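Oh and the sequence shown: position 233 is 243 in the numbering used here, straight run, nothing missing. Step one of this worksheet: look at the structure below.
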Amino acid sequence: INILLSFIRSISKSNDPDQLLSYNKRASILLNLLLKQVRDHIQLDHRLRIDQRLENIIISLAYLAVELTDACKIRAEIVQVLIDFYEKIPTAKYYETASFNYKHTLPPAEVFGFCIHTALTELASTSEDLQMRDKIMSLVADIIRQIVESLRKAAHEHSKERYRSIYRFEVPFLFGTLRSIGRISITDQSLMSQLFPINFISSTQSTYIEQIESINTSTSNIKTPTIVFRPIIPKVLTKNVLSSTIDNLQNLLHSNTNLILSSND
Numbered sequence: 011i012n013i014l015l016s017f018i019r020s021i022s023k024s025n026d027p028d029q030l031l032s033y034n035k036r037a038s039i040l041l042n043l044l045l046k047q048v049r050d051h052i053q054l055d056h057r058l059r060i061d062q063r064l065e066n067i068i069i070s071l072a073y074l075a076v077e078l079t080d081a082c083k084i085r086a087e088i089v090q091v092l093i094d095f096y097e098k099i100p101t102a103k104y105y106e107t108a109s110f111n112y113k114h115t116l117p118p119a120e121v122f123g124f125c126i127h128t129a130l131t132e133l134a135s136t137s138e139d140l141q142m143r144d145k146i147m148s149l150v151a152d153i154i155r156q157i158v159e160s161l162r163k164a165a166h167e168h169s170k171e172r173y174r175s176i177y178r179f180e181v182p183f184l185f186g187t188l189r190s191i192g193r194i195s196i197t198d199q200s201l202m203s204q205l206f207p208i209n210f211i212s213s214t215q216s217t218y219i220e221q222i223e224s225i226n227t228s229t230s231n232i233k234t235p236t237i238v239f240r241p242i243i244p245k246v247l248t249k250n251v252l253s254s255t256i257d258n259l260q261n262l263l264h265s266n267t268n269l270i271l272s273s274n275d
């Protein structure tokens, strides 16, 4: 993924990404190839299979979409590809990881869910297109609903393969989603660029495990890790929640309150 991110940064750091892609044929071909690979996966008739390679491509494209502005023509195309992919997630099959790899790491599906929803939230919050904002946030809510409904129905099934999918993908992905949704950067630096800095080393190790190991190995040189995403519901959420969703939330709360009162009567 570091190679992909390096390529993506070279585009996002350009003063005029559209002009760069028009003159740099290699960059244009490579970006179009990445988009084509995603399209090929989602346009197949059978069930979408998410492997590690596709996961890395999606994260890289999401990173680029966040870093670009609405003025960039390529951004709209990237966002549409991401949305088309995202709609397939509830029925997707996720790649397997050996169970011993989970000892000190987060499940890959949880990390992926966290990353893609961080990107989607940032896309919705930074886009000047109100219709696109509503589309992204409505889609996220619908995908969460589909996953939860699928888990509810699975409670009455006794398929070993179905349980494996729940434990390895659906529940971890849902956890990652709920941890990331609503997070918006309060600085000029996007959260995606904070998740994947230039010196990024691919790892899903738990911060808690890293801290414990640091204490055990060197009690005299303890470094407190910076946890950017510690709170499940960040303080900035109440200040930065999208204005387009406020009315919907208020109406939902009002309708739920009336429903409770009427049921009590």
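The C-beta atom is built at its ideal place from N, Cα and C for all residues, glycine as well. Just so it is clear, the structure is predicted and the values come from calculations on it, not from any experiment.
query, result
"Through-space distance from R57 to Y177, alpha-carbon basis", "19 Å"
"Supposed close pair A37, L30 - CB separation, criterion 8 Å", "6 Å"
"Cβ-Cβ separation, I21 to A72 (assumed contact under 8 Å), whole Å", "In fact, because the Cβ distance is near 14 Å, the residues do not count as touching under 8 Å."
"Beta-carbon proximity check, E65 vs P118, cutoff 9 Å", "yes"
"Unbroken alpha helix (DSSP H) run spanning F95, endpoints", "K83 to Y96"
"Range of the contiguous alpha helix (DSSP H) that encloses P118", "P118 to T136"
"Rounded Cβ spacing between I69 and V48 (contact assumed at less than 8 Å)", "Not really, about 11 Å apart at Cβ, beyond 8 Å."
"Supposed contact pair F124 and S190 - C-beta distance, whole angstroms, cut 8 Å", "4 Å"
"Alpha-carbon to alpha-carbon, I208 and K98", "30 Å"
"Nearest neighbour of K46, chosen from G192, A102 and I88 [CA to CA]", "I88"
"Backbone CA spacing between H166 and S160 [nearest angstrom]", "11 Å"
"Own chain, CB closer than 6 Å to N231, minus 5 neighbours either side, in chain order", "Legend: pLDDT at N231 = 49, less than 50; position of this residue unreliable, value from coordinates given subsequently. Correct list: empty, nothing qualifies."
"9 Å Cβ cutoff met for T187 and I157", "yes"
"In DSSP terms, what T60 is bridged to", "It should be noted that the sequence gives Ile, not Thr, for residue 60. Beta-bridge pairing links I60 to Y104."
"Q215 - DSSP class collapsed to helix/strand/coil", "Since pLDDT at Q215 reaches only 41, below the 50 mark, its modelled position is unreliable, and the value read off the structure follows with that caveat. Note: Q215 maps to strand in three-state DSSP."
"Helix, strand or coil at T197 [DSSP, three-state]", "coil"
"Contacts around D28, its chain only, beta-carbon distance under 7 Å, and the 5 residues preceding and following it disregarded", "C82, K83 and I84"
"Close beta carbons around I18, own chain, < 7 Å, minus the five adjacent residues each side", "S70, Y73 and L74"
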